[in-house]
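Participant:
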Amino acid sequence: MKKVKYFYNTHTLRFEKLSTPLRVRLLQVIGYVAASLVTGLLIFTVTFRYIDSPKEKILRQQNQSLSQNYRLVQERVKQLELQMDELENRDNQVYREIFGALPVPDSARILEMEKRKGLKKMQSMDESDLIDALQTQIYQLEQRSAYQLTSYATITNLVKNKEKLLLATP
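Following our numbering, the numbering of the sequence shown begins with 1276 at its first residue and continues without gaps.
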């Protein structure tokens, strides 16, 4: 049941029925709706700016784990490159000089210019291209190690020939 509201009229000294015009009623409704929308918009903005959704949390965790894995792979590649440089240096300076063989030319191995070009290229890549670049870098390291193994096989043959030569000399 609707409550009827009254007000005291000081001119007539009576209580009269309070009637609000339609225009005032519409303004009240519009004011209520506008206040609700502004409040909702503020809550929405604050919530989504500072509080992550579950999907965003999962994506952020995946991104962090991928970044960490990428750093680990990058460190491993650097270690492999240092090992390969050390092996190539040992091959060129020690073993080849002992047995009097010519060192393997640097053109047969990866040139420094290609490395620099690859680094510049990597810095401008997105994640999928970066993974492909890492795979090609690992493939190149595998090729370098395979080439180094053939070089060591040649040195092994030189050692055997040197032993035969030493045994044959009086």
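Where is the CB? At the ideal position from N, CA and C, for every residue including glycine.
Which residue spans inside the stretch 1286-1320 form an unbroken beta strand (DSSP E) run of at least 3?
Facilitator: Counting only runs of 3 or more, we get 1289-1292.
Participant: Within a Cβ cutoff of 6 Å, which residues of the same chain sit near residue 1419, ignoring the five residues on either side of it in sequence?
Facilitator: 1359.
Participant: Do residue 1355 and residue 1416 come within 7 Å of each other at the CB atom, strictly closer than that value?
Facilitator: Yes, the Cβ-Cβ distance between residue 1416 and residue 1355 is below 7 Å.
Participant: Are the beta-carbon atoms of residue 1348 and residue 1412 separated by less than 7 Å?
Facilitator: Taking 7 Å as the Cβ cut-off, residue 1348 and residue 1412 do not qualify as a contacting pair.
Participant: Under the assumption that residue 1237 contacts residue 1297 (Cβ atoms under 8 Å), give the Cβ distance between them as a whole number of angstroms.
Facilitator: Because the chain here runs from 1276 to 1445, residue 1237 falls outside it and cannot be looked at.
Participant: Output the distance between the C-alpha atoms of residue 1335 and residue 1350, rounded to the nearest integer angstrom.
Facilitator: Distance between the alpha carbons of residue 1335 and residue 1350 is about 23 Å.
Participant: Which whole-angstrom value describes the C-beta separation of residue 1423 and residue 1363, a residue pair presumed to lie in contact below a C-beta threshold of 8 Å?
Facilitator: 7 Å between Cβ atoms; contact.
Participant: Using only CA atoms, which one of 1317, 1404 and 1282 lies nearest to residue 1295?
Facilitator: It is 1282.
Participant: Which residue comes first and which comes last in the beta strand (DSSP E) that contains residue 1367?
Facilitator: First-last for residue 1367: undefined, no H or E at that position.
Participant: In terms of alpha-carbon separation, which member of 1434, 1405, 1431 and 1435 lies closest to residue 1344?
Facilitator: The option with the nearest alpha carbon to residue 1344 is 1405.
Participant: Per the DSSP calculation, residue 1436 is bridged to which residue(s)?
Facilitator: Beta-bridge pairing links residue 1436 to no other residue.
Participant: DSSP has residue 1284 in a bridge; who is on the other side?
Facilitator: Paired residues: 1289.
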